[in-house]
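Here the working numbering is used: position 294 in the sequence shown is 368, and no number is missing along the way. The structure appears below as structure tokens.
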Amino acid sequence: MILDELKCTQVQVIDEINNAKTMKDIGEIKGKVFGKNGVLTSLSRGMKDVSAEERPKVGALINEVRNAIEKALAEKEQEVENAELALKLEKEKIDITEPAQGVKKGALHPIPSVIDRLCDICVGLGFSVVEGPEVESDYYNFEAMNIPKNHPSRDMQDTFFINDNILLRSQTSAVQAREMEVKKPPFKIICPGKTYRNDSDSTHSPVFHQLEGLVIDENVSMADLKSMLTIIMKRLYGEDTEIRFRPSFFPFTEPSIEVDVSCPTCHGKGCSLCKGTGMLELLGAGIVNPKVLEMSGIDSKKYRGFAFGFGLDRTAMILNSIGNIRYLYKNDKRFLEQMK
Ligand code: PHE
């Protein structure tokens with residue numbers, strides 16, 4: 075009896091194994107055969123009822139059936155594993171003949187790029203870089219710069235006031251005033267940053283950028299200022315750049331100058347960028363007014379200083395031949411891509 079049952083079980087189970095498709099199917103068969111209540115487990119348990127002379131035969135057959143089932147299972151497992159791997163490989167196939175997508179490179183916006191270049195040049199000349207608040211007090215932006223309330227020279231900078239005493243800084247000179255109060259001379263600083271004025275046309279934006287330089291030391295002269303600016307301009311625009319100094323007026327410097335350079339596009343011949351003049355107006359500068367030094371607590375008998383202020387938007391426009399300041403603020407990707 076038990077012998078027939080065993081043979082029958084072997085045939086049935088191997089048939090099921092042959093039909094299995096997945097690892098899950100195989101797992102289920104294993105449970106059904108070898109589990110606690112599995113067919114083979116129950117049949118083995120039945121050994122105790124088998125007579126002594128039959129027992130070796132039945133035992134041998136049980137082993138034979140177990141071995142046959144285990145062998146079939148192992149073979150099936152291998153087969154299913156191979157099939158699953160083949161399917162996975164097929165799905166994850168990479169077509170190496172497809173054209174590559176390429177690596178897209180970004181580029182620095184012209185303004186931070188000009189700030190970086192000028193900072194590099196000035197740090198190389200011994201300046202340190204400092205920053206200050208954009209929302210500034212009237213005192214640091216104007217009064218400490220020798221521009222008292224109601225003074226006509228305030229009209230040079232059409233300022234955004236938040237209230238009577240707080241404003242959006244109209245010049246990075248405000249950072250100079252703050253630094254002069256806390257730093258002990260001699261020192262050399264540059265202050266790059268955003269500035270604000272109520273101005274808007276093809277060369278002016280209400281938000282723009284300046285970089286202010288300040289040197290305070292004993293025996294500082296106009297000659298030092300001129301040579302320092304000549305070095306900076308030549309490093310920025312090229313060694314063959316011509317530099318012109320013109321007298322000017324600023325309340326915080328005395329004497330004051332304005333600085334022009336030969337147009338890097340036409341090299342002084344005249345073009346649309348320089349409006350046919352061959353020269354570009356670039357920055358204001360001068361010897362720091364002793365009143366400004368005294369207001370910040372610096373002894374004007376012992377120390378003198380010179381200062382200069384760049385318009386960075388204008389510098390970026392000249393260096394990249396950009397005709398309208400709006401391009402700098404539009405975030406047009408096509409424009410930015412050309413800046414690489
Ligand atoms: N702060 C001045 C301006 O914005 C520029 C300047 C700076 C002039 C330093 C002289 C010295 O117009």
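Where a beta carbon is used, it is the ideal one built from N, C-alpha and C, also for glycine.
Next on the checklist: Within 8 Å, do at least three Cβ pairs link the stretch 212-221 to the stretch 236-249?
Outcome noted: Judged by Cβ distances under 8 Å, the stretch 236-249 makes contact with the stretch 212-221, as three or more pairs qualify.
Item to check | Straight-line gap, Leu354 to Ser336 (C-alpha atoms, nearest Å) | outcome: C-alpha separation (whole angstroms): 6 Å.
Item to check | Where His225 falls, given that 16 or more other Cβ within 10 Å makes a residue buried | outcome: Sixteen is the threshold: since fewer than 16 other Cβ atoms of the shown chains lie within 10 Å of the Cβ of His225, the residue is exposed.
Item to check | Ala390 beta carbon near the ligand PHE (any heavy atom closer than 7 Å) | outcome: No.
Checklist entry - Relative to the alpha-carbon of Ser395, which residue among Met219, Glu151, Cys345 has its alpha-carbon at the smallest distance? => result Nearest in C-alpha terms to Ser395, of all of Met219, Glu151, Cys345, is Cys345.
Item to check | Endpoints, beta strand (DSSP E) assigned at Phe216 | outcome: Run containing Phe216: none; DSSP gives neither H nor E here.
Item to check | Segments assigned alpha helix (DSSP H), at least 4 residues, entirely inside the stretch 352-413 | outcome: Runs of the alpha helix (DSSP H) inside the stretch 352-413: 364-369, 386-393, 407-411.
Next on the checklist: For Glu164, report the span of its alpha helix (DSSP H) as first-last.
Outcome noted: Run containing Glu164: 129-165, per the alpha helix (DSSP H) assignment.
Checklist entry - Does the distance from the C-beta atom of Ile91 to that of Ala146 stay below 8 Å? => result A contact, by the Cβ cut-off of 8 Å.
Checklist entry - Given a threshold of 16 other Cβ atoms within 10 Å of its Cβ, counted over all protein chains shown, does Ser301 qualify as buried or as exposed? => result Looking at its Cβ environment, which holds fewer than 16 other Cβ atoms inside 10 Å, Ser301 is exposed.
Checklist entry - What's the C-alpha gap between Gly287 and Glu172? => result Straight-line measurement puts the Cα of Glu172 at about 54 Å from the Cα of Gly287.
Item to check | Contact test: Gly379 Cβ vs the ligand PHE heavy atom, cutoff 7 Å | outcome: Relative to the ligand PHE, even the nearest heavy atom lies 7 Å or more away from the CB of Gly379.
Checklist entry - Glu210: beta carbon under 7 Å from a heavy atom of the ligand PHE? => result Remark: the shortest separation between the CB of Glu210 and any heavy atom of the ligand PHE does not fall under 7 Å.
Item to check | Contacting residues, own chain, Cβ-Cβ under 7 Å from Ala148 (five flanking each side not counted) | outcome: In its own chain, leaving out the 5 sequence neighbours on each side, no residue places its CB closer than 7 Å to the CB of Ala148.
Item to check | Identified DSSP bridge partners for Arg318 | outcome: Answer is Asp334, bridged to Arg318.
Next on the checklist: Pop quiz: Ile189 and Pro266 are said to be a contact at Cβ under 8 Å. What is the actual Cβ separation, rounded to whole angstroms?
Outcome noted: Sure, about 5 Å apart at Cβ, within 8 Å.
Checklist entry - What is the DSSP secondary structure of Gln250, reduced to helix, strand or coil? => result Gln250 falls in the helix class under three-state DSSP.
Item to check | First and last residue of the uninterrupted beta strand (DSSP E) at Glu210 | outcome: Per DSSP, Glu210 belongs to the beta strand (DSSP E) from 209-211.
Checklist entry - How should Ile306 be labelled, buried or exposed, when 16 other C-beta atoms within 10 angstroms of its C-beta is the threshold for buried? => result With 16 or more Cβ atoms within 10 Å of its Cβ, Ile306 is classed as buried.
Checklist entry - Under 7 Å from any heavy atom of the ligand PHE, does the C-beta of Gln175 make it? => result Gln175: no, Cβ never under 7 Å from the ligand PHE.
Checklist entry - With distances taken from CA atoms, which of Thr351, Glu328, Thr246 is nearest Pro338? => result When each option's Cα is compared against that of Pro338, the closest is Thr351.
Next on the checklist: Considering only heavy atoms of the ligand PHE, does any lie closer than 7 Å to the CB of Phe323?
Outcome noted: Phe323 Cβ: outside cutoff for every heavy atom of the ligand PHE.
Item to check | 4-residue-minimum alpha helix (DSSP H) runs that sit fully inside the stretch 253-315, ordered along the chain | outcome: Listed in chain order, the complete alpha helix (DSSP H) runs (minimum 4 residues) inside the stretch 253-315 are 296-311.
Checklist entry - For Asn363, does the count of other Cβ atoms within 10 angstroms reach 16, so buried, or fall short, so exposed? => result With at least 16 other beta carbons inside 10 angstroms of its own, Asn363 counts as buried.
Next on the checklist: So, for Lys415: in the same chain, excluding its five sequence neighbours on each side, which residues have a beta-carbon less than 7 Å away from its beta-carbon?
Outcome noted: For residue 415 there is no data in the structure shown, the boundaries of the chain being 75 and 414.
Next on the checklist: Based on DSSP bridge pairs, tell me the residues matched to Ser202.
Outcome noted: Beta-bridge pairing links Ser202 to Ile263.
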